[in-house]
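Under this note's numbering, the first residue of the sequence shown is numbered 335, with each subsequent residue one higher.
Glycine is no exception: its CB is placed at the ideal position from the N, C-alpha and C atoms.
Below is one structure, written out as structure tokens; comments come after it.
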Amino acid sequence: MNESLWAEELLAKIDEKYRHVAARSADKIPYTTGKAGRFDDWSSPDKICWWTNGFWGGLLWQLYHRSGDEAYKAAALVIEEKLDENLMRADGMDHDSGFKWLLTSGANYQLTKSEASKNRLLLAANNLAGRFNLKAGLIRAWNDPGDGSNAGLAIIDCMMNLPLLYLASDLTKDPRFTQIAVCHAGRAKDAFVRKDGSVNHIVTFDPASGAVTGSLGGQGMQEGSCWSRGLSWAVYGFTLSYLHTKMKPFLDTACRAADYALAHIPESGLLPVDYAQDPALDWEDDCAGAITACGLLDLSKVCEGEKAGSCRAAAMKLLIALADKRLSLDPDTDYLLSHCSAAYHEERHNYPIVYADYYFVEALMKLADKELFLW
Ligand code: GLY
335 MNESLWAEEL LAKIDEKYRH VAARSADKIP YTTGKAGRFD DWSSPDKICW
385 WTNGFWGGLL WQLYHRSGDE AYKAAALVIE EKLDENLMRA DGMDHDSGFK
435 WLLTSGANYQ LTKSEASKNR LLLAANNLAG RFNLKAGLIR AWNDPGDGSN
485 AGLAIIDCMM NLPLLYLASD LTKDPRFTQI AVCHAGRAKD AFVRKDGSVN
535 HIVTFDPASG AVTGSLGGQG MQEGSCWSRG LSWAVYGFTL SYLHTKMKPF
585 LDTACRAADY ALAHIPESGL LPVDYAQDPA LDWEDDCAGA ITACGLLDLS
635 KVCEGEKAGS CRAAAMKLLI ALADKRLSLD PDTDYLLSHC SAAYHEERHN
685 YPIVYADYYF VEALMKLADK ELFLW
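As structure tokens, then:
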């Protein structure tokens, strides 16, 4: 199989579908889809700060980068401007700024050198840096009502937001941002990643002393289990910190997390929500599959020997399973992948979520050698 050609053929079909989708959804910021498979919209004031609000913009930028179709760019620009409301909301700025602004303003800045986009990136990066707990050496995750109850929570997902800090150091020639990112990644590799490569979702610490006090199952099944998307954030996130810093411990940690993934990917190539869940449960997470594939593809370019080949083969297994069993190319539906789950302890499972689609397209762009690298 010619993997690059396979990816390019799929991208051409996705482009054909998304020309319709972008035309009818140009003013939306989707998270999932409704009954008819059409996008919902998270642009209203009560939803504009949601952590996933950059992914549709990022997907539009990837498609624009591939085809040059101005309609994609125009729709992406609308989303970037809508997110300015979030930038002005202290209560809506949390550790997820990388997801929101790297995929919108980061893409725009990379392609057009827009000064407004650079300004947004630096505002978001400064806010993210401000969440760093000096004693713990970790970036605080979420906000709270003002009572400090979440001041000692860090989550594995934050590894994906560190590239905003690496970018801010590049843009300003000020190493502070990178220093914070490196410190967080260094602490996270010990606090989150277990000996066998599996990960905790949430690590708790005393915000005054910085001492790590424990871990929580979070969106996974339970404390001690391994939430598949959490593992995917670790595989991709530590790979990215290695790419930005060339620090070997980050590569070693990415490899350890990848080893766990490789040993636990089911025969079907479709990932469970939690690697420890009852095999009789049919709860899946296509987001985890697509993110893990992205991480493994980048990791395969920097790890040595046989590992490079096994990472790439596992990424292909994941992507082929998603393409063959979970991909909708129907132009009447707005989603691509059908079986995502936000969390194990949620009533709803196996439905479309926008970031699965983003990472699936990103993985195909990597394979086709056309990626707009946004991390
Ligand atoms: N960053 C939250 C999640 O992966 O659901």
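For residue j and residue i, the rounded distance between their alpha carbons
i    : j    : result
F572 : H518 : 11 Å
E350 : L706 : 19 Å
Y609 : E337 : 28 Å
L462 : S439 : 15 Å
V569 : I473 : 19 Å
S698 : L345 : According to the sequence shown, residue 698 is Leu rather than Ser. Distance between the alpha carbons of L698 and L345: 7 Å.
D616 : K582 : 38 Å
L656 : A542 : 45 Å
L505 : E681 : 43 Å
G558 : A676 : 19 Å
A356 : Y406 : 7 Å
A591 : S575 : 14 Å
D481 : H399 : 44 Å
G520 : V527 : 11 Å
S451 : A522 : 29 Å
S634 : S431 : 27 Å
L496 : R465 : 12 Å
K580 : L663 : 39 Å
S566 : T446 : 31 Å
Y352 : A470 : 44 Å
L411 : A545 : 43 Å
R372 : F511 : 39 Å
C674 : A595 : 18 Å
L631 : G639 : 14 Å
A702 : A488 : 35 Å
V537 : P479 : 20 Å
heavy atom of the ligand GLY below 6 Å from residue i C-beta
i    : result
D491 : yes
R563 : yes
Beta-carbon separation (whole angstroms), residue i vs residue j, contact threshold 8 Å
i    : j    : result
N387 : K434 : 6 Å
C360 : A409 : Rather than Cys, the amino acid found at residue 360 in this sequence is Ala. Yes, they are in contact, since the Cβ atoms of A360 and A409 sit about 4 Å apart, within 8 Å.
A622 : L671 : Contact flag wrong, Cβ pair sits at about 11 Å.
L499 : I514 : 6 Å
K507 : C589 : Rounded, the Cβ-Cβ distance is 31 Å, inconsistent with contact.
I721 : G564 : The structure shown has nothing for residue 721, since the chain only spans 335 to 709.
L585 : C645 : Wrong, their Cβ atoms sit about 12 Å apart, outside the cutoff.
G787 : H535 : Any question about residue 787 goes unanswered here, given that the chain covers just 335 to 709.
K362 : S378 : Contact flag wrong, Cβ pair sits at about 11 Å.
L393 : Y669 : Actually they are not in contact, since the Cβ atoms of L393 and Y669 sit about 11 Å apart, beyond 8 Å.
T366 : P665 : Their Cβ separation, rounded to whole angstroms, is 18 Å, which puts T366 and P665 out of contact at 8 Å.
L437 : G391 : 6 Å
E696 : Q396 : 6 Å
T626 : L652 : 6 Å
Local Cβ density within 10 Å of residue i, reported as buried at 16 or more and exposed below that
i    : result
H679 : exposed
D428 : buried
R358 : exposed
M494 : buried
N453 : exposed
D612 : exposed
S562 : buried
M650 : buried
G554 : buried
A647 : exposed
A475 : buried
A341 : buried
K347 : exposed
S532 : buried
S602 : exposed
E618 : buried
D620 : buried
Residue i at chain B interface by Cβ criterion, 7 Å
i    : result
A485 : Looking at the structure shown, chain B is missing, and only one protein chain is on hand.
If we require 3 or more residues per run, which beta strand (DSSP E) segments fall completely within the region 384 to 461? none
Complete alpha helix (DSSP H) runs within the region 462 to 523 (minimum length 4 residues, chain order): 496 to 506
Tell me the start and end of each unbroken alpha helix (DSSP H) in the region 571 to 619 that is at least 4 residues and wholly inside, in chain order. Listed in chain order, the complete alpha helix (DSSP H) runs (minimum 4 residues) inside the region 571 to 619 are 582 to 598.
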